[in-house]
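To start, the structure itself, in structure tokens.
Number of protein chains: 2
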Amino acid sequence: MDSNPLFKKFVAFSAAVHQITNDMTKDVKPEALTPVQYKILEYIAVSQPVTLSEISDCMNMSMPNTSRELRKLTEQGLLIKETDAEDRRRQGISLSPAGQAMVDEVFRRVAQRVSGRIAHLTEEQRQEIEHALDLLQERIFYV
Amino acid sequence: MDSNPLFKKFVAFSAAVHQITNDMTKDVKPEALTPVQYKILEYIAVSQPVTLSEISDCMNMSMPNTSRELRKLTEQGLLIKETDAEDRRRQGISLSPAGQAMVDEVFRRVAQRVSGRIAHLTEEQRQEIEHALDLLQERIFYV
DNA sequence: TTGTTTTGTTATCAAAAGATAACTAAAGGA
DNA sequence: TCCTTTAGTTATCTTTTGATAACAAAACAA
Numbered sequence: 085m086d087s088n089p090l091f092k093k094f095v096a097f098s099a100a101v102h103q104i105t106n107d108m109t110k111d112v113k114p115e116a117l118t119p120v121q122y123k124i125l126e127y128i129a130v131s132q133p134v135t136l137s138e139i140s141d142c143m144n145m146s147m148p149n150t151s152r153e154l155r156k157l158t159e160q161g162l163l164i165k166e167t168d169a170e171d172r173r174r175q176g177i178s179l180s181p182a183g184q185a186m187v188d189e190v191f192r193r194v195a196q197r198v199s200g201r202i203a204h205l206t207e208e209q210r211q212e213i214e215h216a217l218d219l220l221q222e223r224i225f226y227v
Numbered sequence: 085m086d087s088n089p090l091f092k093k094f095v096a097f098s099a100a101v102h103q104i105t106n107d108m109t110k111d112v113k114p115e116a117l118t119p120v121q122y123k124i125l126e127y128i129a130v131s132q133p134v135t136l137s138e139i140s141d142c143m144n145m146s147m148p149n150t151s152r153e154l155r156k157l158t159e160q161g162l163l164i165k166e167t168d169a170e171d172r173r174r175q176g177i178s179l180s181p182a183g184q185a186m187v188d189e190v191f192r193r194v195a196q197r198v199s200g201r202i203a204h205l206t207e208e209q210r211q212e213i214e215h216a217l218d219l220l221q222e223r224i225f226y227v
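Protein chains in written order, with the working numbering: chain S, 85 to 227; chain C, 85 to 227.
Put into structure tokens, the structure is as follows:
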């Protein structure tokens with residue numbers, strides 16, 4: 085409830101994470117991509133290979149809209165669709181070399197910014213942070 | 085860099101926070117609001133009173149678009165604009181009682197969901213989490 | 001075999017969000 | 001005073017995103 089200080093911290097923390105990650109990826113996103121397209125690419129990057137239905141589910145998009153955006157990304161040569169041999173309705177979607185290169189570049193630039201916040205820390209402090217990330221992901225931010 | 089395991093954790097963690105908070109607020113957002121309008125309302129809630137310029141900056145929106153959305157929110161009776169006495173160009177924007185009630189209700193429902201993840205923890209574990217939130221916000225996710 | 005479900009596509013329309021130009025009014029500085 | 005900057009508004013246009021209907025093909029179950 086409102087009286088719960090932990091909840092307030094949770095809200096403030098989530099807001100901070102959103103703001104920081106937005107700022108970090110802000111002028112790093114490829115211009116050729118819309119925000120939604122970038123999100124999809126990022127999702128594929130960490131989950132590939134993945135089906136259209138899975139993208140649709142995880143990103144709360146309708147199948148028609150997901151299909152449309154995937155088509156645009158494919159037309160830009162960023163994705164590879166491969167029909168599943170066992171179930172020919174399904175297609176495994178993954179990044180093409182060009183798509184992978186694009187995502188890698190974005191991650192590299194974000195990593196630079198993050199490392200600006202980590203660089204001056206001692207090894208012990210880094211381990212504290214790593215531990216804190218693990219703890220929160222295990223107890224609160226699990227999927 | 086890619087070789088940095090801390091960075092990978094950072095990426096995974098940020099993604100998890102985004103996904104969880106999206107899911108938590110998903111069907112809790114008032115229907116009368118568009119996603120952007122809800123985001124603005126949430127921002128005002130934690131920062132009020134705030135100026136249009138500040139909203140525009142922090143949310144990466146142009147002033148004209150910010151102005152338009154604020155007008156819509158004001159028309160719905162959710163905001164109060166009060167001209168600054170010292171600088172009559174600026175206006176302090178805050179939530180009206182109706183706006184505050186709406187945000188409170190959303191927060192209350194999100195809190196319920198969060199507490200589902202906290203309820204079974206011991207007091208000691210909660211303090212660990214609280215400490216982890218503080219640490220990360222201080223070292224990584226600061227604004 | 002015949003229906004039914006799952007997976008995905010195409011087309012179309014509506015709403016939301018972004019971009020830009022042209023403007024007002026107050027503040028501040030020379 | 002006059003010029004410039006800052007804060008915000010209005011109007012208009014484009015792009016992006018969301019929603020829905022109608023469809024095809026593969027899988028599956030009776």
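Cβ coordinates follow ideal geometry from the N, Cα and C atoms, glycine included. Since we're looking at a predicted model, the values are computed, not measured.
Asked, Found
"For S/Ser98, the nearest candidate out of C/Gln160, C/Thr118, C/His102 (CA to CA)", "C/His102"
"Pick from S/Leu136, S/Thr109, S/Glu159 that is closest to S/Gln196, judged by C-alpha positions", "S/Thr109"
"C/Thr105, buried or exposed, once every other Cβ within 10 Å from all chains shown has been counted against 16", "buried"
"C/Thr118 to S/Gly183 span [Cα, whole Å]", "31 angstroms"
"Host beta strand (DSSP E) of S/Thr135 (start-end)", "It is not in any beta strand (DSSP E) - S/Thr135 carries neither H nor E in the DSSP assignment."
"Contact set for C/Val194: own chain, Cβ-Cβ below 7 angstroms, skip 5 residues either direction", "Met108, Thr109, Val112"
"Proximal chain S residues relative to C/Thr105, where beta-carbon distance stays under 7 angstroms", "Ser98"
"Alpha helix (DSSP H) segment containing S/Leu162, residue limits", "Taken as a continuous stretch (DSSP letters only), S/Leu162 belongs to no alpha helix (DSSP H), as it is neither H nor E."
"Under 9 angstroms between C-beta atoms of S/Ile202 and S/Gln132", "no"
"Neighbour-count burial assignment, C/Val130, 16 or more Cβ in a 10 Å radius", "exposed"
"is_contact[S/Asn149, chain C] using C-beta, thresh 9 angstroms", "no"
"In DSSP terms, what S/Ser178 is bridged to", "S/Ile164"
"S/Asp171, enclosing alpha helix (DSSP H) - first and last residue", "From DSSP, S/Asp171 is part of no alpha helix (DSSP H); its letter is neither H nor E."
"Length of the line joining the Cα atoms of C/Arg152 and C/Met145", "11 angstroms"
"Chain-order list of residues whose beta-carbon lies under 8 angstroms from that of S/Ser87 (same chain, five-residue window excluded)", "A caution first: S/Ser87 carries a pLDDT of 47, below 50, which makes its placement in the model too unreliable to give a value."
"Distance, S/Thr167 Cα to S/Phe91 Cα", "45 angstroms"
"Collapsed DSSP secondary structure at S/Asn106 in the structure displayed", "helix"
"Below-9 angstroms beta-carbon distance, C/Asp86 vs any chain S residue", "Because the pLDDT of C/Asp86 is 45, which lies under 50, any placement of that residue in the model is unreliable, and the number read from its coordinates should be weighed accordingly. At least one chain S Cβ lies under 9 angstroms of C/Asp86."
"Three-way DSSP call (helix, strand, coil) for C/Ser146 in this model", "coil"
"Contact check, C/Gln121 vs C/Lys156, beta carbons under 9 angstroms", "yes"
"Residue environment, C/Met126, which counts as buried when at least 16 other CB atoms sit within 10 Å", "Note on identity: in this sequence residue 126 of chain C is Glu, with Met being the wrong assignment. Counting Cβ neighbours within 10 Å, C/Glu126 comes out buried, since at least 16 surround it."
"Cβ-based burial, C/Val227 [other Cβ within 10 Å; buried from 16]", "exposed"
"Assumed close pair C/Leu136, C/Leu154 - CB separation to whole angstroms, cut-off 8 angstroms", "6 angstroms"
"Cβ-Cβ separation, C/Ile213 to S/Leu220 (assumed contact under 8 angstroms), whole Å", "7 angstroms"
"Local Cβ density within 10 Å of C/Thr257, reported as buried at 16 or more and exposed below that", "Because chain C in this structure spans residues 85 to 227, residue 257 of chain C falls outside the shown range and cannot be described."
"Where C/Val187 meets chain S, residues with beta-carbon distance less than 8 angstroms", "Ordered by position in chain S, no residue passes the 8 angstroms Cβ test against C/Val187, which lies about 11 angstroms from the chain."
"Unbroken alpha helix (DSSP H) run spanning C/Ala216, endpoints", "207–223"
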